[in-house]
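Read through the structure below, which is laid out as structure tokens, and then see the notes.
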Amino acid sequence: MTGRTDTGNLPTVTSFDLVAALQAETDRETVYVKASGADQEARVTALLSRTLPQLLAPLLWTEAKHA
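So this is what it looks like as structure tokens:
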């Protein structure tokens, strides 16, 4: 065993990818919040509930597959 993980057709997701994607989504949401004057706490909660599952799904699937 070489320590290499075969993820099939899934792209390799690193913590850097997750941070970059979350930052990009946060930047878009921040512009919307500033433009609309909406309640920021509600916006951030909505952002995280939408974004984190999408970002973490490939990583969690890979971990579960190889557990």
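Each residue of the sequence shown is one higher than the one before, counting from 1 in full-length UniProt numbering.
Glycine residues also receive a C-beta, built at the ideal position from the N, C-alpha and C atoms.
Asked, Found
"Same chain, Cβ closer than 7 angstroms to T51, neighbours up to 5 away in sequence not counted", "L22, E25"
"Own chain partners of A57 with C-beta closer than 7 angstroms, once the 5 adjacent residues on each side are dropped", "none"
"Distance CB(L55)-CB(L18) smaller than 7 angstroms", "yes"
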